[in-house]
Structures are given as structure tokens and as C-alpha cells.
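*Asks:* What follows is a structure written as C-alpha cells; I'll ask about it next.
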Amino acid sequence: MADHFHEANRRRWDAGSASWATRADARGTWKKCHLNPALALHSAELKWLGDIADKRVAVLGSGDNQVVFALSGLGAKVTSVDISERQIEVARGRAEALGLKVEFVQADVADLSSLGGATFDVVYTGGHVAVWVSDLRRYYEEAARILKPDGLLIVSEYHPFRRVWKHSAGSLELGFNYFDRGPHRFEVAPDVLCAAPGELEQFEFHWTVADYISAILSSGCRLIHAEEFGDTGEWWEGAPVAGLPASLLLVGRRC
Ligand SMILES: C[S@@+](CC[C@H](N)C(=O)[O-])C[C@H]1O[C@@H](n2cnc3c(N)ncnc32)[C@H](O)[C@@H]1O
2 MADHFHEANR RRWDAGSASW ATRADARGTW KKCHLNPALA LHSAELKWLG DIADKRVAVL
62 GSGDNQVVFA LSGLGAKVTS VDISERQIEV ARGRAEALGL KVEFVQADVA DLSSLGGATF
122 DVVYTGGHVA VWVSDLRRYY EEAARILKPD GLLIVSEYHP FRRVWKHSAG SLELGFNYFD
182 RGPHRFEVAP DVLCAAPGEL EQFEFHWTVA DYISAILSSG CRLIHAEEFG DTGEWWEGAP
242 VAGLPASLLL VGRRC
């Protein structure tokens with residue numbers, strides 16, 4: 002049965018997809034990632050991906066698909082998974098425009114039953130996906146299930162230390178207790194980055210660093226690497242978070 006929170010978030014992303022696409026078109030990065038993977042992937046991630054030419058890679062919660070296009074440009078056979086049909090439609094059109102062969106699958110990361118077990122050499126996921134997912138353990142169990150033995154699970158998420166602050170230009174003030182995972186319910190406008198309230202409902206989940214580690218450890222993977230990177234702030238973060246880690250990279254190997 003579909004998760005009530007995920008259904009709301011799917012509707013939220015279907016409604017937000019057009020404005021999200023317009024912003025991405027204005028930046029234009031998606032048009033270049035297949036030629037310059039470093040635009041989408043940090044050097045720490047690229048190191049773990051290694052030579053992925055001809056390997057089967059699943060990207061879960063693929064969003065604007067910059068990582069998908071980067072991996073495809075590196076020669077990987079990529080399956081792009083997202084819960085939002087609208088997001089997939091946009092990405093499919095972009096892949097066609099770039100001449101990239103990508104398999105697109107509309108699915109919830111907590112239920113990848115449309116994908117066979119032990120199919121992929123690498124599963125990459127992250128960049129603001131876990132925040133939409135109500136059951137982190139189930140999500141990574143599914144990721145581990147579709148991995149071949151010894152396959153890599155690469156989780157590269159927005160760092161939990163950045164998710165707890167009030168909107169404020171000048172100083173950091175806690176808006177959420179670090180341990181309050183939610184669900185945090187918001188009434189939002191279609192534009193994902195619009196701070197003003199609207200008529201759509203979305204649910205967010207604030208997982209802690211230990212939650213990520215525990216979920217990987219219980220997924221059927223061994224944790225083989227942990228790293229934090231990035232220390233600059235972006236305008237959309239709404240608080241002066243420069244100096245805090247931006248990303249949490251965790252690498253698991255399928256047992
Ligand atoms: C902020 S975007 C980020 C994704 C990607 N990392 C990127 O940089 O574009 C979040 C994406 O996760 C997708 N998503 C949210 N909940 C999901 C779920 N339960 N299963 C699969 N995809 C989900 C949304 O549809 C959206 O495309």
C-alpha cells in the first residue's frame with residue numbers, strides 16, 4: 002500500500018516539476034554534466050565510482066538527473082528512478098536532447114519491486130532524497146536488495162547539521178531539535194524553493210547522522226567509507242550555514 006506521506010510528496014513534486022525545470026534550464030548545468038561529470042559529482046564521489054563504463058548503475062530519487070547524465074557520460078548503463086512522473090518526463094526529454102540512453106522508472110524508493118534483485122553494480126542516491134522518505138531503513142534495504150554481491154551503495158546526502166536552522170540572514174538559531182525526525186508537515190506553493198505557504202502538502206523527515214549509518218548497516222551492506230565535504234552556503238539555505246558540512250557521503254558494500 003502506498004505510503005500516505007510519499008503520496009503527498011509525489012503530488013508535491015508533480016506540481017513543482019515545471020518551475021523546478023525552469024530554474025534548472027536557467028542554470029543550464031544539466032546540458033553539460035555528461036561532458037564534465039565534476040559539475041554533478043564531487044571528487045570524493047567520483048573516486049568511489051571509479052571506472053563505471055559499462056557498469057549498471059541505479060540512481061534513486063533522480064530529480065533533475067544531473068548525476069544520471071554525468072554517469073551516462075562516463076559510459077555507465079543508468080537506470081533513473083523517481084516517484085514523480087512529471088520529474089521523469091522532464092528528465093526523459095533532456096536525455097533525448099543530449100542523445101543519452103537512460104532507462105527511466107517511476108517508483109517509490111521504499112518499494113523498488115519493479116526492479117529485480119542483485120541487478121546493479123552501483124546504487125547512487127542522495128542530494129535531498131532521504132528528507133522525503135518516511136522509512137530510511139526500508140529505503141536502503143531496497144537499495145541493497147537491487148545490488149549485486151559486492152556492489153556499492155553510495156549515499157551522498159545533504160548534511161543533517163544544515164537542516165535544523167530557522168530562516169535568518171544574520172545568525173544561526175535552532176528551528177528544529179536535531180533529534181526531531183518528524184514527520185514535519187508543511188503547506189507549500191508549487192515552486193519548491195518558494196518560502197511562502199501554499200495549498201500543497203509536503204512531509205519532511207530530518208534523519209540524523211546516526212540514522213543514516215544505522216540504516217546502511219542494517220540494509221545488508223558493510224559501511225566501508227564515511228566522509229563530510231563542502232563548507233560554503235547557498236542562498237536557498239536561508240541561514241548562514243557556511244562552515245558547517247554540506248554533504249554526508251557514506252559508502253556501503255553489499256555483503
Ligand atoms: C530535491 S530533488 C533532488 C534529487 C536529485 N538529487 C537532484 O539533485 O536533482 C528530490 C527528488 O526526489 C524525488 N522523490 C521524493 N520522494 C521520493 C520517493 N519516495 N521515491 C522516489 N523519489 C522520490 C522527487 O520526486 C524529486 O525528484
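Each residue of the sequence shown is one higher than the one before, starting from 2 at the first, in this note's numbering.
Just so you know, even glycine gets a beta-carbon here, dropped at the ideal spot from N, CA and C.
All values derive from a computational prediction rather than experimental measurement.
1) Quick one: using the 10 Å Cβ neighbour count with 16 as the cut-off for buried, is Glu46 buried or exposed?
2) Sorry if obvious, but does the Cβ on Leu61 come closer than 8 Å to a heavy atom of ligand 1?
3) According to DSSP, is Pro150 helix, strand or coil?
4) According to DSSP, is Lys33 helix, strand or coil?
5) From the DSSP output, read off the bridge partner residues of Thr80.
6) Only counting the same chain, and skipping five residues up and downstream in sequence, which positions put a Cβ closer than 6 Å to that of Pro198?
7) Can you tell me whether DSSP reads Pro241 as helix, strand or coil?
8) Which parts of the stretch 179-231 are runs of the beta strand (DSSP E), unbroken and 3 residues or longer, counting only runs that do not cross its ends?
9) Less than 9 Å between the C-beta atoms of Phe177 and Val193, yes or no?
10) Once you ignore the five residues that flank Glu228 on each side, which residues in its own chain have a CB closer than 6 Å to its CB?
11) Taking a contact to mean a Cβ-Cβ separation below 9 Å, would you say Lys167 touches Ala240 in this structure?
12) Output the boundary residues of the beta strand (DSSP E) element that contains Gly127.
13) Counting Cβ pairs closer than 8 Å, one from the stretch 60-79 and one from the stretch 25-36, do we hit at least three?
14) With the cut-off set at 9 Å, would you say Val124 and Leu153 are in Cβ contact?
15) Determine, using beta carbons only, whether Asp122 and Ile53 come nearer to each other than 9 Å.
16) Could you tell me the distance, in whole angstroms, from the CA atom of Ala111 to the CA atom of Tyr213?
17) Buried or exposed for Glu143, going by 16 or more other Cβ atoms inside 10 Å?
18) Are Pro191 and Gly17 close, meaning C-beta to C-beta below 9 Å?
19) Let me check you understand the geometry: is the CB of Asn178 closer than 8 Å to at least one non-hydrogen atom of ligand 1?
20) Am I right that Gly76 and Asp55 are in contact with their C-beta atoms under 8 Å? What's the rounded C-beta distance?
21) Any heavy atom of ligand 1 within a distance shorter than 8 Å of the CB on Arg28?
22) Taking Cβ to Cβ, would you say Tyr140 is nearer than 9 Å to Thr126?
23) Output yes or no for whether 9 Å exceeds the beta carbon distance between Val79 and Ala59.
24) State the start and end residues of the unbroken beta strand (DSSP E) segment that holds Leu75.
25) Taking DSSP as the reference, what is the three-state secondary structure of Leu249?
26) Taking 8 Å as the line, does the beta carbon of Ala39 fall inside it for any heavy atom of ligand 1?
*Replies:* Taking the structure as given:
1) A residue is called buried when at least 16 other Cβ atoms come within 10 angstroms of its Cβ; Glu46 meets this threshold and is buried.
2) Yes - ligand 1 has a heavy atom lying nearer than 8 Å to the Cβ of Leu61.
3) Under the three-state reduction of DSSP output, Pro150 falls in the strand class.
4) In the structure shown, Lys33 sits in coil (DSSP, three-state: anything other than H, G, I, E or B).
5) Looking at the DSSP assignment, Thr80 forms a beta bridge with Ala59, Glu104.
6) Closer than 6 Å at the Cβ level, and outside the excluded window around Pro198, lie Glu188.
7) DSSP places Pro241 in coil when its eight states are reduced to three.
8) Fully enclosed beta strand (DSSP E) runs of no fewer than 3 residues occupy 185-189, 201-205, 222-230 of the stretch 179-231, in order along the chain.
9) Cβ atoms of Phe177 and Val193: not closer than 9 Å.
10) Apart from sequence neighbours up to five positions away, the residues of its chain that approach Glu228 with a beta-carbon distance below 6 Å are Ala45, Leu250, ordered along the chain.
11) Contact: yes.
12) Start and end: 121-127.
13) These segments touch.
14) Against a cut-off of 9 Å, the Cβ pair of Leu153 and Val124 comes out as a contact.
15) It is a contact, given that the beta carbons lie within the stated cut-off.
16) For Ala111 and Tyr213, the distance between alpha carbons rounds to 15 Å.
17) With 16 or more Cβ atoms within 10 Å of its Cβ, Glu143 is classed as buried.
18) With contacts defined as CB atoms closer than 9 Å, Pro191 and Gly17 qualify as a contacting pair.
19) No, the beta carbon of Asn178 sits no closer than 8 Å to any heavy atom of ligand 1.
20) Contact flag correct, Cβ pair sits at about 6 Å.
21) No, the beta carbon of Arg28 sits no closer than 8 Å to any heavy atom of ligand 1.
22) Yes.
23) It is a contact, given that the beta carbons lie within the stated cut-off.
24) For Leu75, there is no enclosing beta strand (DSSP E), as DSSP gives it neither H nor E.
25) Strand.
26) Checking the 8 Å criterion, the Cβ of Ala39 is out of range of every heavy atom belonging to ligand 1.
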